[in-house]
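With the numbering used here as the guide, the letters of the sequence shown map in order to residues 520 to 1317.
Ideal Cβ placement from N, Cα and C applies to all residues, glycine included.
See structure below.
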Amino acid sequence: MLVPMRWLKEFVKINEEPEELAQKLTMSGSNVEGIEYWGKDIKGIIIGEIEKIEKHPDADKLLIVYVNTGNETIQIVTGATNVREKNKVPVALNGSIIAGGKKIRKSKFRGVDSWGMLCSAEELGLDDHGLPPEMQEGILILPEDAPVGTDIKDYLPLEDAVIDFEITPNRPDCLSIIGMARETAATLKSELTIPKIALNEEGEEFVKDKVTIKIEAEDLCKRYTARIIKDIKIEPSPLWMQRRLQTCGIRSINNIVDITNYVMLETGQPLHAFDYDKIRGNSIIVRRARPSEELETLDGNIRELNEDMLVIADKSRALGLAGVMGGADSEITSSTRNVLIESANFFGPNIRRTSRQLGLRSESSMRFEKGLDPNICLMAADRACQLIEQLGAGKVLKGCVDVFPAKPAPREIAFSPDRINKVLGTSIPQDEMIDILRRLEIDVRHDSGILKAIVPTFRQDLVEEADLVEEIGRMYGYDKLPTTLPYGNVTQGKLDDYQKYIDDIKDVLVYNGYFETYTYSFVSPKVFDIIKTPNDSPLRKAIELLNPLGEERSIMRTTLLPNMLDTIAFNLNHKAEELRFFEISSVYLPKQLPLKELPVENKRIVMGLCGESMNYYDLKKAIETIFTKLRIKNWDFIPASHFAFHTSRCAKILIGDKEIGFVGEVHPDVLENYEINKKVYAAELDLDTILENASNKVIFKPLPKFPASERDLAIVVDERVLARDIIKEICESGKPLLESVELFDVYQGGQIAKGYKSMAFSLVFRAPDRTLTDIEVNEVFEKIEKSLKDKFNASLRE
């Protein structure tokens, strides 16, 4: 934000030099990026009056002008063609310095002495863009009331110091001269003076009879104020206004456009001027754009709009893009005679999205997108009308149309001086805190023994007590805050148990040939249909994003399986084979929709296999290895059904009685949706529950002193009998001599009857206090055989 000192001094008394003021404002939180001095090098230029003009005797394109400088009449040779007798002009005398540091000396042109130079706008450091064409190419002609003999810097505000402030996004109120004047007054403990606006309203008609305003999109437009000026005279702005705009980085256009820019810089409220006679039906409608609606903006580009954008329209077409740029159909031209001034408040996030989508950013959009106070709209419109009357540029009609559906009230924040002092480490008296807040226009009142700050609506960044701590701290002076060393308990930097378990899981999978993947937490709602999720599944209750990047990233995922299948499909499409992937990440499970509290972030692990040499048991073995590594004992795999897995090739996984996930072969229909033509095996597990049951305790057992006795058992059972049930029965029947049992073969084929399967187990027997005899082992072995025959109708394989 560029702030000229001359302009700032109109609102607050400043005795400090620019560097000193910049230092004080920086210490109170308004960071200064630099100071630029305008016109400081200009010296010796005065206002003169041309008394007589003669042709140069030896040059057709040169003139000899005789200029009254107040003390004398001097002779100057010039090539300018726009000068006339009685013109008041800036004159650079012998020895003077013009803009850029060039020194003017007495010279001779074709034998005629020239005792100075008539100056153009450029030679005074002025931007000539807003001047009449003849002055852009020739000498600057001053108004008739310009006092002859006066130093040009006493008549025109050529010399100024412009302070460049870095304004943070949370302080849009400081994107104005008045906003920075508030900060300056509070910092210097000086009085802020904002002149009252008084209008003559010479127009005989009432604005309410000339235009109607309707806000259809009240969620995107909080207020719309309109004033009308008739009998407009389009002409260049006065030089003082052009200079102020120039020092703030804005080029002059004409008096009406310049006034809207001037008021925007002064108040922070963007304005827009419409040619009133081009508004069809005398009606302004604030609405969303229609699909594929087009608008030619002031920069001459035709832009295609969408329903997310806000436009200012009349009854038949869009007139402008709200908060961003006006339309060419209603712009101010030299033939404009009646003007409607718009002062409105638009929803910042919508303006930002519109500006980004169209690649169109302006001073107005930059302010709107940060959030402005709707209470300043009418004041800004009145200020523009005041300047129009002051410049004699038109007659202001009586009254205004002001549509203001919901006026915001000042926010109340309770605070405790003791808490503030504790946070700042200070002992600031309560009265001094109250004085600081009131200097910032934050009133304070006592309510049943509690202090409450009444925050004005232009300070939208103040929402809680911590914000008041910052305000008091910066105005008290950061340099006055006591310096202390940080303190706290020193702890050894190391991984906690949770992090170690995660590393153990990753190690197991990486050692088994798996690659870790990372995918987005945002997915498309279509993934539920792709993996055949039932309509009543809780997985479909996903959190929708308010500002998604697109439909394909519009919800927060509730399952990791679609991401894994996407990864496998991507790699298969790139000719990769023998795929082993895993991902450890979170899913987001809302307790209710719409959200009233943060969702549950459930940590999960998903694994995927795809390749000719891989099967379900490879994946099951990896999961069992993880459980073994984490010393989890009470886990189990039970056949089950799952919407995303093959009907008869899926198991649910339990730890104790709690289900933690599924493993199996992905259903062919799901694979077809991902255009995968190979078998895929996947598992998704609740990692939080797994880690709750993990243990880092190592139980030591001494090596056995006595040898083991091993037996193999091959039985034939119904193919529907589960291996887990058989192993469980073997363990129960083999107590206490059975040390371990392991399934090492499952066979179905020509030697086994249809509907049956052969299962072979390796049994290890051992006694802790003696060497077992064959008789003891055979007794237990026979007991196991009998138990299996009784319970499962199992027979020994021949």
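Requested in this report: Give every residue of the same chain whose Cβ lies closer than 7 Å to the Cβ of E1070, excluding the five residues on either side of it in the sequence, and list them in chain order.
Outcome: Excluding residues within five positions, the ones whose Cβ falls inside 7 Å are S1043.
Query raised in the report: Got a sec? Which residues, its chain only, sit under 7 Å from D1205 by beta carbon, not counting five neighbours each side?
Result: Around D1205: N1121, R1123, I1179 and G1180.
Query raised in the report: What residue range is occupied by the uninterrupted beta strand (DSSP E) comprising G839?
Result: Annotation: the continuous beta strand (DSSP E) that includes G839 extends over A837 to L840.
Query raised in the report: Is A1213 near V1189, with beta carbons less than 7 Å apart?
Result: The Cβ atoms of A1213 and V1189 do not sit closer than 7 Å to each other.
Query raised in the report: Should the stretch 1247-1265 be regarded as contacting the stretch 1292-1303, the criterion being three or more beta carbon pairs within less than 8 Å?
Result: The stretch 1247-1265 vs the stretch 1292-1303: in contact.
Query raised in the report: If you run the structure through DSSP and keep just helix, strand and coil, what is L1206?
Result: Residue state, collapsed to three classes: helix.
Query - Spatial neighbours of P1081 in its chain, beta-carbon cut-off 7 Å, leaving aside the 5 residues before and after - result: So the list reads V1042, V1046, I1049 and I1050, once near-sequence residues are dropped.
**Report entry** DSSP state of Y1266 mapped onto helix, strand, coil
**Finding:** Strand.
Query raised in the report: Roughly how many angstroms lie between the CA atoms of E1035 and K1025, to the nearest whole one?
Result: E1035 and K1025: Cα-Cα distance of roughly 8 Å.
Requested in this report: With a threshold of 6 Å, establish whether the CB of L916 neighbours any heavy atom of the ligand FMN.
Outcome: Looking for the ligand FMN in the displayed structure turns up nothing, as the structure carries no ligands at all.
Report task. Please name the residue, chosen from V1236, V1106, L1098 and D1288, that lies closest to K1197 on a Cα-to-Cα basis. Result -> Measuring from the Cα of K1197, the nearest candidate turns out to be L1098.
Query raised in the report: Buried or exposed: which applies to Y1033, given that a residue is buried once 16 or more other Cβ atoms fall within 10 Å of its Cβ?
Result: Around the beta carbon of Y1033, 16 or more other beta carbons lie within 10 angstroms, which makes this residue buried.
Requested in this report: Could you spell out the range, first to last residue, of the alpha helix (DSSP H) harbouring P537?
Outcome: Per DSSP, P537 belongs to the alpha helix (DSSP H) from P537 to M546.
Query - Nearest candidate by alpha-carbon position, reference A847, set T855, S853, S854 and L838 - result: Among T855, S853, S854 and L838, the Cα nearest to that of A847 is on L838.
Query raised in the report: Quick check: the stretch 778-793 against the stretch 694-707, are there 3 or more CB pairs under 8 Å?
Result: Three or more Cβ pairs closer than 8 Å define a contact, and the stretch 778-793 meets that threshold against the stretch 694-707.
Report task. Report all residues from its chain with a CB closer than 6 Å to the CB of E568; omit the five preceding and five following residues, and keep chain order. Result -> Cβ neighbours of E568 beyond the five flanking positions: N587, K607 and V667.
Report task. Would you identify the three-state DSSP class for E591, choosing helix, strand or coil? Result -> Of the three classes helix, strand and coil, the one that applies to E591 here is coil, per DSSP.
Query - Three CB pairs or more closer than 8 Å across the stretch 807-819 and the stretch 855-867 - result: No, the stretch 807-819 does not touch the stretch 855-867.
Report task. Could you tell me which of I870, F923 and R525 sits nearest to S881, measuring between CA atoms? Result -> Considering only alpha carbons, the answer is I870.
Query raised in the report: Exposed or buried, what is H1093 when buried is set at 16 or more other beta-carbons lying within 10 Å of its beta-carbon?
Result: Counting C-beta atoms within 10 angstroms of its own C-beta, H1093 has fewer than 16 neighbours from the protein chains shown and is therefore classed as exposed.
**Report entry** For F934, the residue or residues it bridges with in DSSP
**Finding:** Residue pairing by DSSP places F934 opposite L970 in a beta bridge.
Query raised in the report: Is it buried or exposed for K625, if we count other Cβ within 10 angstroms and need 16 for buried?
Result: It counts as exposed.
**Report entry** L906, DSSP secondary structure in three states
**Finding:** It is helical.
Query raised in the report: With a CB to CB cut of under 6 Å and the five nearest residues on each side skipped, what residues in its chain are close to E720?
Result: Contacts found: V915 and K917.
Query - Beta-carbon separation (whole angstroms), L612 vs G548, contact threshold 8 Å - result: In this structure L612 is not in contact with G548, their Cβ atoms being roughly 46 Å apart against a cut-off of 8 Å.
Requested in this report: Indicate the three-state DSSP secondary structure (helix, strand or coil) for C638 in the structure shown.
Outcome: Coil, per DSSP.
Query - Contact check, I851 vs A841, beta carbons under 7 Å - result: Note that the C-beta distance between I851 and A841 is not below 7 Å.
Query raised in the report: Apart from the five residues just before and just after S853, which ones in its own chain have a Cβ nearer than 7 Å to its Cβ?
Result: Excluding positions up to five away in sequence, the list reads I753.
Query raised in the report: The beta strand (DSSP E) spanning V1182 covers which residue range?
Result: According to the DSSP assignment, V1182 belongs to the beta strand (DSSP E) that extends over K1177 to V1185.
Report task. Could you tell me which of E1184, F1156 and H1161 sits nearest to Y1135, measuring between CA atoms? Result -> Residue E1184 holds the alpha-carbon nearest to the alpha-carbon of Y1135 among E1184, F1156 and H1161.
**Report entry** Coil, strand or helix - F977 by DSSP
**Finding:** In this structure, F977 counts as coil in the three-state DSSP scheme.
Query raised in the report: Quick one, which of L1014, R763, G1274 and N1297 has its alpha-carbon nearest V1283's?
Result: Residue N1297 is the option with its Cα nearest to V1283.
Query raised in the report: Residues bridged to W557 by DSSP?
Result: Under DSSP, W557 takes part in a beta bridge, and its partners are D679.
Requested in this report: Would you please state the rounded distance, in angstroms, between the beta carbons of R822 and L814? I believe it to be under 8 Å.
Outcome: Indeed they touch by this definition, with Cβ atoms about 6 Å apart.
Query - Chain-order list of residues whose beta-carbon lies under 6 Å from that of G1175 (same chain, five-residue window excluded) - result: Closer than 6 Å at the Cβ level, and outside the excluded window around G1175, lie N1153.
**Report entry** For I778, the first and last residue of its enclosing alpha helix (DSSP H)
**Finding:** Taken as a continuous stretch (DSSP letters only), the alpha helix (DSSP H) holding I778 covers N774 to T786.
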